[in-house]
Structures are given as C-alpha cells and as structure tokens.
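Numbering (my numbering), first residue to last: 592 to 983.
Cβ atoms here follow ideal geometry from the backbone N, Cα and C, with glycine treated the same way.
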Amino acid sequence: MTTPNSLYMGLRSLVIFRNLLQDDVIRRLSALLELTPAPSVSFVDAYCDFASALFAHTDNFSDYLLNAVLDDENFYITGSSGNSPILSQRLEQELSFFSQLASFDGTAYQSHAPEGAFLPSWRTSNYDFHDFYHKALSDLPKRGYGIYAKYHVFTVADGTVVPVRHPDPQKLSQLSGYERERGLVTANTLALLEGRPASNVLLYGDAGTGKSSTVKAIANEYAHMGLRLVEVKKNQLYQIPELMDSFSSNPLKFILFIDDLSFSSNDNDFAALKAILEGSVSSHSPNIAVYATSNRRHLIKENFADRDGDDLHLADTMQELLSLSSRFGLTVTFSRPDKDLYLQIIHDLASLYDLSIPREEVIQQAEAYAIRSGGRSPRAAKQFIQQLKSMN
C-alpha cells in the first residue's frame, strides 16, 4: 500500500531525477508528505501551499509530474554518466515510483482538515511513466531536453542561454516574394537538420527586405524537427565558442543568429567572428550553424580614411577587412523589390489580412506610401496593409 510516508521517502531517494526536488511544486509536495496529517494550521498551510503552486500550472497533478520528468535535464538523458546497466536499472525504479506518485490526489488528507478549513482537490491520470520516458528518449533529436524541450527560441544573458517565452510568431506562409532567396536558406537549414553538411549563412541586403523575418520564420517552421534558434548580440560574439561547446553534445540542431551585423575597421569583435567562422583549435560541431543578417555586403563600415591610411601593407589590411563576408559558406542577397514585386507583396498581404480593395486603388495608395516611407520594401508593404486593416 502506498502511504504518504512511503511517497515522501521515495522523493527523498531520487538519484537520477534529484533536480526535481528543487521544482517549486515538487518541493511543496515533499513538505506536505513529510507531515503527519493532523487538524493543525501547519498541515492546512502545507496542503494549500502545494495546491496553490500546482494550480498555477494545471489542475492535474499527473500531467504536471509527467511534464516535469520529461523535461528534466539529468545526467542519464545527457549521457554524461555513460548510462551503465546500474543506472538503467535505477532509471526503471524511479520511473515506477513516479507512476505511483502520479496517483496522489490528496483525498486521504481531507478528512484531517480542522473545523473551518476546506481543502481543495485536484485531478490525476493513470500514466505509465516508463512508456512516456522511453519514447522521449527516442525523440531526443526532435524534442530535446531541459529548457530546449519547452522552448525553441533563446537569447544570451551573462553567458547563459535564456528562453524567449513569447517569440515572434512569423510564419513562412506569411512572407511574400523572395521565394528563391528564402529557398536557399531553407535548403541549407534542412541540410543542417538532416545531418548533411550545412553552411554558415549571411543574409545581406537592403533594410526591410525580410532578412530577419526569414530566419525567424524558418526557426518557427522547423522547431518540431529539432531546430533551435539562439540570438546572439554583436558584443556577445566572444561567448559563441563556449556556447558551441555546450551545444555540441546536444541532440538538437542550433542556429546562432546575429541580427544586423556590421563592424568598424578597428572593431575588437571582428576577430571573434573571424575565429568562429574559420574555426579555431576546437572543431566546428555539425549540429550548429551561424546565420547573420547585414545591410553591408562586406560587414565593414568602410571610410575613405581607411583606404588612405598609413598601414605599410594597406592592401593586405583592406583585403582582410573586406573578406570576412566570404567566410560565410552561403551569402543570400535580398535586394529592394521593383514595382511589380512590391505590388505582388501588397496583394498577397491584403489576401492574408482579408482585405478586399480595388486593385487600382491599392496600387496608387501603396506607391504613395512607399514614397513616404523611404522606398519600396516588404516592411513598407506590411505597414501599409496593417494601416489599411486598422481603418476597415
């Protein structure tokens, strides 16, 4: 018979999943199970502390526990311990325990509530944790583990990967025009996902042509296939080698995304990116690619003074500065659209936004909007359509 004390001792005996003891809900459950049910204020507090923490996520404890187990980043799932037969046996023991723990519904406690206290109930489900966990192990290349199982877009803060809880929902189906350019980036991304040689990619072109949107949309499109996007700022380039080391043993595929990249000729970050693209003493992991966008073809803000400098070997210096972009295996150019492409984008977006406007009227208004916005671009087209939608 499963008792609160046996569940408590089971929790304290966790080895592989010991990180779960730090989980807020599981920690409060442990505090509750440690108490002997009695009509006391401390018992009511512990019971309701657990229920409150659980209800902040779900009213089904089994669901919460299952997700916590599946998302846990431990030494067994990462393979860092070698996964010996002893650990495999231990894994099965702990999964059996979780199947028992998942049935805890608190009803046996409610009869101990003191007068005036009303203890809530929560739902449970009958789950076989063995089946779910072993399926998760087989799906690691697509699902991942830890925060990479919960999220697919990340940033970097103080050298730590931080999930973006509400990423830009941009979809490939919402982008119009530039099918050839996006096709090149998509094909390279699929090569990365399929384990074939993939290039680092430079998306170069005029502002507002959809370079960043393309990368974000591809990240959303292929997240279910194991693609994760990590956005890195230019001043964080020196942290990329360490990030690459941490990703190299991960079963997922990663795009390190550097948006709006450019350098001055004496920029210290220049050498950092060069080392990343060329490789240093550490090998380049095949599950990582660098995608960068820039409005500058050579990534360098070049002045006339740079060409007339006092460097003894000026030509060699200039060649090194201007050749950084060639270290990307694939360069895709997004040029400002001509009138026909601009109007095609306008009409595609009008259809997407459910706008029905006479063609000639749209053409005149769209061209006028482009002039006011500094020229034709997909960004100007989207802003124009959004403005029309807000007035209808």
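Requested in this report: Whole angstroms is fine: what's the gap from S653's alpha carbon to A693's?
Outcome: Take the alpha-carbon of S653 and the one of A693: they are about 5 Å apart.
Query raised in the report: If you scan the segment 614-698 from start to end, which runs of the alpha helix (DSSP H) of 4 or more residues do you find wholly inside it?
Result: 615-625, 632-646, 652-662, 666-669 and 676-692
Query raised in the report: When the Cα atoms are used, what is the spatial distance from R986 to A782?
Result: There is no way to answer for residue 986, as the model of the chain reaches only from 592 to 983.
Query raised in the report: Hey, how far is the Cα of L905 from the Cα of K865?
Result: A caution first: L905 carries a pLDDT of 44, below 50, which makes its placement in the model unreliable, though a value can still be read off. For L905 and K865, the distance between alpha carbons rounds to 19 Å.
Query raised in the report: Are the beta-carbon atoms of A883 and L763 separated by less than 9 Å?
Result: It is not a contact, given that the beta carbons lie outside the stated cut-off.
Query raised in the report: Does DSSP classify V806 as helix, strand or coil?
Result: helix
Query raised in the report: Looking at the unbroken alpha helix (DSSP H) that takes in S981, where does it start and where does it end?
Result: P969 to M982
Query raised in the report: Do N610 and D650 have their C-beta atoms closer together than 9 Å?
Result: no
Requested in this report: Determine the direct distance from the alpha carbon of F845 to that of F641, and round the result to whole angstroms.
Outcome: 37 Å
Query raised in the report: Can you give the Cα-Cα distance for T780 and F695, rounded to whole angstroms?
Result: 45 Å
Report task. Take I831 as the anchor and find which of K733, S917 and T746 has the nearest alpha-carbon. Result -> T746
Requested in this report: Just mark N665 as buried or exposed, buried being the case when its beta carbon has 16 or more other beta carbons within 10 Å.
Outcome: buried
Query raised in the report: In three-state DSSP terms, what is R771?
Result: helix
Query raised in the report: With a Cβ-Cβ cutoff of 9 Å, do Y960 and Q935 count as a contact?
Result: no
Requested in this report: Give the DSSP bridge partners of A883, in chain order.
Outcome: L793 and I849
**Report entry** Cα-Cα separation, L988 to T805
**Finding:** Since the first residue shown for the chain is 592 and the last is 983, residue 988 is missing from the structure and cannot be characterised.
Report task. Have a look at A798 and F861 and give me their C-alpha separation to the nearest angstrom. Result -> Answer to the nearest angstrom: the Cα atoms are 22 Å apart.
Query raised in the report: Where Y724 and R918 are concerned, what is the direct C-alpha to C-alpha distance, given to the nearest angstrom?
Result: A straight line joining the alpha-carbon of Y724 with that of R918 spans about 42 Å.
Query raised in the report: Where V872 and L682 are concerned, what is the direct C-alpha to C-alpha distance, given to the nearest angstrom?
Result: Only weak support is given to the placement of V872: the predicted model assigns it a pLDDT of 39, under 50, and the question is left unresolved by the model.
Report task. Using DSSP bridges, identify the partner residues of P949. Result -> BP columns for P949 are empty, so no partner.
Report task. Taking only the alpha-carbon atoms, compute the straight-line gap between I738 and P928 and give it to the nearest angstrom. Result -> Here the alpha carbons of P928 and I738 stand approximately 39 Å from one another.
Requested in this report: In angstroms with no decimal places, state the Cα-to-Cα distance between A699 and A740.
Outcome: 35 Å
Query - Per-residue DSSP class, three states only, for S964 - result: coil
Query raised in the report: Based on the DSSP secondary-structure assignment, which residues constitute the bridge partners of A748?
Result: For A748, which the question treats as bridged, DSSP gives the partners T751.
Query raised in the report: Grouping DSSP H, G and I as helix and E and B as strand, with all else coil, what is T800?
Result: Correct three-state label for T800: coil.
Requested in this report: In the DSSP assignment, find the unbroken alpha helix (DSSP H) run with F723 in it and report its ends.
Outcome: F720 to S729
Query raised in the report: Which of the three DSSP states, helix, strand or coil, is assigned to F854?
Result: strand
**Report entry** Cβ pair count under 8 Å reaching 3, the segment 592-605 against the segment 620-635
**Finding:** yes
Report task. Just grab the DSSP bridge partners of R714 for me. Result -> Assignment of beta-bridge partners to R714 by DSSP yields N651.
**Report entry** Selection from G966, G965 and A972 that minimises the alpha carbon distance to V953
**Finding:** A972
Report task. Return yes when the Cβ of S621 is within less than 9 Å of the Cβ of L602, no when it is not. Result -> yes
Report task. Using alpha carbons as the reference points, say which of F925, S876 and P754 lies closest to S885. Result -> The option with the nearest alpha carbon to S885 is F925.
Report task. Throw me the rounded Cβ distance for the I809 and V755 pair, which I believe falls under 8 Å. Result -> Not a contact, Cβ separation roughly 15 Å.
Requested in this report: Give the DSSP-derived three-state secondary structure of L605 in the structure shown.
Outcome: coil
Report task. Helix, strand or coil for R819, going by three-state DSSP, please let me know. Result -> R819: strand per DSSP, three-state reduction.
Requested in this report: Please report the residue range of the alpha helix (DSSP H) in which L843 lies.
Outcome: From DSSP, L843 is part of no alpha helix (DSSP H); its letter is neither H nor E.
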